[in-house]
Amino acid sequence: MGDSLCNIARYITLLTDEDRFVRKKALKCVEDYLNTNSDKENTIFSTVAENLAKTLNDPVEVNRELAVKVLKLSIDVTNDVTPLLALLVPVLVMRLGQKEITEHSEEIRYSTLNLLYILLNRTDEISPFVDDYISVIQKTLVDPYHEIKKLSCKIAVVLSQRKCHRFYQISESILLPMLSNLTHQHSKVRLETVVALEKVLLHSQGKLVENVIAPLTQRLFDSSSAVRRAVIELVGSWLLDLPDRYSYQTKLLPLLLSGFIDESDEIRMVASKLWHHIGLKFEKENEEQLKDKLDFDHGPPFHYPCGCKRPILGCRELVYRSASKLFPGLCKDLSDWQEATRLKAASLIPLLILHLEESATQHTQHLLTGIANGLADALSRISPVGNMSLINMMPIVSFRKETSSSSTTTADRVDIISLVVTHATSQVFSLSEANEAIKIINQLFIAAQILGCMIPTKFWWHLLEPCLDRCTESAAPSSLAGHLLLLSGLLHGSPLNQLIITDEMEELKRDSPLNKCSTNVTNASTNSTSTATTSDDSHCIHGDKTNENNDYQMKKGHVKESYTQINYSTLHKIISYLCQNELISVISINAKAGLLECVQVCIKHLEEAIVLLKKETEQQQQQGDTLETLQLNDDSHKNIIQATYNAAKLIIQDNQIRSCLFEIILGSGAIWPENDLISSDFGRTVLSSCDKLMQWLAACHQDCINLSKQYHLSTEDEDFEVNSTPVSHMDQLFFSCMPKLICRLNEDLKKSISWNPRSVGLAILSRCLQIAPGPALLFTFNNHDNNSQTKKECLTTVLDLLERGCRLNCAPGGGGVDNGSSNSSQFNKSPGGTDPLTLASEAELRLRGLMLLTKLTDNNQIRKVLSSPKYLNYCFSKLILPVCVWRAGRTSEAMRKAAITSYLALLASAVSMHHLSEIVLNLRTNSEINIDNWLLTNNIESMHEIMKELTNREEVCDINNTNSNNEIQSFPKYSNLPSLSGSLLSLMLARLGSLLDDDLEGTRRLACLCLTIFFNGLLIPSPPISPASSSPMELSNGNQNHYEGNRVVDFLNSPTWIQPLTTTITNTVSSSNHELVKEHNVLLPYCPLANSFGDQVYRFYGNFIKRLNDSKDQIRLLICETINAWIRLLIPMLTSSSSTTSKTSQQLNPVYTAVIEDFLNNLIIHLDDPNSRIRASVSRVLLRINQFAPDLVIKVLNKAKLCHRSSQLCDKLLEFCHSHSQ
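Add 108 to a position in the sequence shown, counting from 1, and you land on the number used in the working numbering.
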């Protein structure tokens, strides 16, 4: 033993040698001795401790490393190291606690710090050295080496657990160094730091918590789940054990609740357990204050979200006490510059509202403003591509339904976590910012739904309506979209009985039979039948509505008293508000999506009422249950069930709600900005969604009608008479909603005299005519105006709206109104005039009106109605012909082209044809067919090209008209043109004559087509009138050939053709069965008098001669076909004679020889045209004239043969003329 001590003493002496190798050898010898000798004494270290401690300052790194190892070995063999602390701690402080790093080796610094950690664990009393420990870890916490940081946190934890008073006083000095490690790049360093903060601050001054909350909040966004879990556990530990936890509950609650929305299942479960324990502890600590709430808890609200366990009272009370401070901060964070912060705040809001339940009422203003602003901010961050998903992407929270028996027990088994996380469906977009924005919108939409569930509907609408008034699209389009999306969420969460039945209605019904009936039904015994209950309920509803029916009839005239109550409902007010022009005319993408969401939710509530009543009926029939025992037997919920059923019956009665929804859907699909947004993906999505919503509304509307009849509920009087049986739900919806829509458009039109191209009324009417099925416009409704009731046809009213709204009957440029109207002062464009529209805007307005008129002819059923003489007279005289008047300028050119397009469409409907070839081919006589065949067989140049297209169409027509027996069936043809008055026909022809000279080629081409149809249409007889119905009869196979021989005779011998024209156009039409005017045609049959329509047609040939000289060959070809129709119409007149002897062939009356000869002289010039197609067309005209004037044709051909460049064509035509004249 003595030798060992001597050796150790010798080695200790060598530690101070100047040679570093000697010092190294001495340290190794000491190390070997401590490792190998088993008889070493515990007192050895005390003898050599001072010298070994000095070796920590050795200039050689290897020696310092060996010194640390020797010291660890020495401490391990020493039982009590307390006496040695005075020797080692100062040296360790000198090595590690300096301002500048003394030890440059990271490994040696770590070993030295570990030596200090060992001393701390081996020592029971550390009070004298707490300052030294704190000074060391204060520096080591900011050491660059991450392992030293982690070890420093462990030392801090051990120091805090010793519960030393000195540590409590000076622990603040290590707080900042420790917080700096929360942002370290190594997750394990961050984890150790969070764990150290939890323990250190539990035994430190309470004021330090304030400084830690903000850095810890940032760690909730950490990429490491372990770090986030540590933060949740830290906050849970503080809320359970922190001495000053009541002072910091407001700031710590959001951190803990953030664990509910973490993406990690483990963290969510940890947060849920901690939150439950915190609530239980709060209940125990405040048992006296919460005694009443614990004893008299009524359970969760009836309309509570499904799949969500209700938090215990302690948790709800904690949130209630902190909500006033939490919501302003969270709402502010919704517009934070960091995406993660916005998403976290948006996710916390629904959780807090769920804890508050009815207590959220006092925070409604903050929540509505904050959620709306958050939605607006998120919507502004989504690109137009992302906006496509806004229409159908919203997550829907399922609420506890009134008719569900298992919802209560199911909700109690599911944790609160499922509420937000289950519905936080992510949308995939190319940009991460868009993804975050979509998630924020999802969470805020859920918050709005829960808020609507917890707060009375009338209360939140009272606060939201002024906000919507301030959010105009021109000033704040994003804010408007946010508020509309918020409104849709609130509507979805609101229970049906809150939306329909309000306190105002309860006051009205306090003493009503309905109230007595509800009380009787609620107190009825369980063995009473549901049939009797329903019967009593229906009877009471009628009694309640009948009491005040007389007063309300005086106010509304045609709407029953039931709407007095419905007009007080919040849902009615909301939908009426959304139906304003300012809202349905929104053009921003986000606002349209929000508006459609509102409509979708309203239809969903309507469907909910329908399903509820249908289910009641089914259960009444199958089980015979009473209303009270349908699903729930809890007496506290029976009143709510009864109110819900009453609300369901009231909502299906309200046609005004469905009419407003109808108008909103039309407006959403009709109003668009000037760009091409409607043709984009979003535009197509919006239109598709509008169509689906319209079909959904139509189905609900039909169910409402059926249920109203089934329950004998009073509904609005049917103010329409259907002219045809409805074939679909959509027809029935249009029948009910169109009268109100027309009334609205009329009211708007009265305020502004006329529309402008961007008017809401014009856009809605355009959309309506675009999607309306044929029967939807063919009904008669009762118009209530100035307390008088008149019947109006829907189609007539629509045409009247086009006339007045689009200024179709007015002269452009403020020239007044045509047709004798006295409203010229309304559209004065002179300086100081009252017309706000420019010439360009007025032209665009007229173009849209004419396009809509043309659109009407696309539907077969409307086309048939428009072809009647009554509508033809109105459309031509009021809508089309005033625009056809020539006026200078390109704007007027465009209007005339649009007018002639509508002209053509109406003419085609008037003669019951869909293509020009139908009338051109079918009206050819046998002699004309022979002429065409001769021209084809004699190889007249380009004749095959002219006839090829018509021949092909004729073959297709024949194939399509072939029945199963391979017999060709010809469709009956009729024309209403002969039924029109001569004055109107004359004006129509005059306008076409002026359009033939138009500068625009397209207008001239359409005018030629119109003239061809016009002349051919006069050849076809009017349809016979049915004696019973006074409507046109379909021509049967027996009378299809009625006009084969005498189709023109009756018309050419009618007053319309013969008598002089009146100066004005009347609204009456001539009879289809023309009476013969014998006093005018005794001398010369079919001869019109001067200034008659027939005389105008006869003298119209000068316009043909002008167009034969047109610069466009296409127009010259068309005018040749028009001349053929003109000749076909005039042949009976041109060949008429006063002689009573019958003639075997038609001969030209000498009276008309001069005119025909003049026409032939101008026509023959074009037989030598360079274009072979023109020559062939002119040949067709010459040979048709040859039918009744062969001498004149031969004379003209012989004369022209000498002048033309080639006489070949003249020779062929002369050959035909000679052969057929013999």
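C-beta atoms are modelled at their ideal positions from N, C-alpha and C, and glycine is treated no differently. Small disclaimer: the values here were computed from a predicted structure and weren't measured.
Can you name, in chain order, every residue of its own chain whose Cβ lies under 7 angstroms from the Cβ of aspartate 523, other than the five neighbours on each side? At aspartate 523 the pLDDT is 45, less than 50, meaning the model places this residue with poor confidence; the figure from the coordinates comes in the next sentence. Hits under 7 angstroms: Ser380 and Lys417.
Per DSSP, what are the beta-bridge partners of proline 1168 in this structure? Ser1200
Limits of the unbroken alpha helix (DSSP H) element including methionine 286: 283-288
Going along the chain, which residues of its own chain have a beta-carbon closer than 6 angstroms to the beta-carbon of tyrosine 101, five neighbours each way excluded? No information on residue 101 is available, as it lies outside the stretch 109 to 1330 that the chain covers here.
Beta-carbon proximity check, isoleucine 1293 vs histidine 1326, cutoff 9 angstroms: no
How is the alpha helix (DSSP H) around cysteine 902 delimited, first residue to last? 902-913
Span of the alpha helix (DSSP H), counted from its first residue to its last, around serine 396: Checking the sequence, you will find glutamate at residue 396 rather than serine. Premise fails: glutamate 396 is in no alpha helix (DSSP H) and is neither H nor E.
By Cβ distance, which residues of its chain are closer than 8 angstroms to valine 303, with the 5 residues on each side in sequence left out? Cys261, Val265, Ala338 and Leu342
Where phenylalanine 887 and cysteine 851 are concerned, what is the direct C-alpha to C-alpha distance, given to the nearest angstrom? 15 angstroms
Rounded to the nearest angstrom, what separates glutamate 393 and glutamine 606 at their Cα positions? 38 angstroms
Euclidean distance between Cα positions of leucine 1317 and asparagine 1038: 18 angstroms
Quick check on asparagine 864: does DSSP put it in helix, strand or coil? coil
Do the CB positions of leucine 572 and leucine 598 come within less than 9 angstroms of each other? yes
What is the rounded straight-line gap between the Cα of leucine 703 and the Cα of isoleucine 786? 17 angstroms
Other residues of its chain near leucine 769: CB distance less than 7 angstroms, five sequence neighbours each side excluded: Ile683, Val707, Cys710, Ile711 and Leu805
Given 8 angstroms, three or more beta-carbon pairs between the segment 556-573 and the segment 453-467: yes
If you compare alpha carbons, which of Leu1088, Glu425, Lys315 and Leu460 is closest to proline 437? In the sequence under discussion, the amino acid at residue 437 is glycine, which differs from the proline named in the question. That would be Leu460, whose Cα lies nearest to the Cα of glycine 437.
Pick from Leu877, Glu911 and Ser235: whose alpha carbon is nearest that of glutamate 272? Per the sequence presented here, residue 272 reads as cysteine, with glutamate not at that position. Nearest C-alpha to cysteine 272: Ser235.
In angstroms, rounded to a whole number, what distance separates the CA positions of leucine 195 and glutamate 211? 19 angstroms
Looking at C-alpha atoms only, which residue of Gln326, Trp383, Phe1201 and Tyr428 is the closest neighbour of lysine 452? Gln326
If you draw a straight line from the C-alpha of isoleucine 1239 to the C-alpha of leucine 1225, how long is it? 22 angstroms
Given a cut-off of 9 angstroms, decide if leucine 907 and serine 985 are closer than it, judged by their beta-carbon atoms. no
Kindly indicate which residue of Ile386, Arg376 and Ile369 has the alpha-carbon position closest to the one of aspartate 349. Ile386
Three-state secondary structure assigned by DSSP to proline 1129: coil
In the DSSP assignment, what residue or residues form a beta bridge with cysteine 416? Answer is none; cysteine 416 lacks a bridge partner.
By the three-class DSSP mapping on this structure, what secondary structure does leucine 1310 have? coil
Under the assumption that arginine 353 contacts tryptophan 346 (Cβ atoms under 8 angstroms), give the Cβ distance between them as a whole number of angstroms. 6 angstroms
Lysine 663 burial status per 10 Å Cβ neighbour count (16 or more: buried): Low per-residue confidence applies at lysine 663: pLDDT is 34, beneath 50, and the placement is therefore not dependable enough to give any value.
Around the Cβ of glutamate 169, are there at least 16 other Cβ atoms within 10 angstroms (buried) or fewer (exposed)? exposed
Provide the residue span of the alpha helix (DSSP H) that contains cysteine 1195, from first to last. Careful: cysteine 1195 lies outside any alpha helix (DSSP H) and carries neither H nor E.
Looking at the unbroken alpha helix (DSSP H) that takes in phenylalanine 1267, where does it start and where does it end? 1261-1271
By DSSP, does cysteine 272 sit in helix, in strand, or in coil? coil
Are phenylalanine 390 and glutamate 425 closer than 9 angstroms when you measure CB to CB? yes
Does the structure place the segment 354-367 close enough to the segment 467-478 that three or more beta carbon pairs sit under 8 angstroms? no
Can you round the beta-carbon distance between glutamate 233 and threonine 186 to whole angstroms, since I take them to be within the 8 angstroms contact cut? Glutamate 233 to threonine 186, Cβ: 16 angstroms. No contact.
Rank Val427, Gly882 and Gly775 by C-alpha distance to the C-alpha of proline 362 and give the top, closest one. Val427
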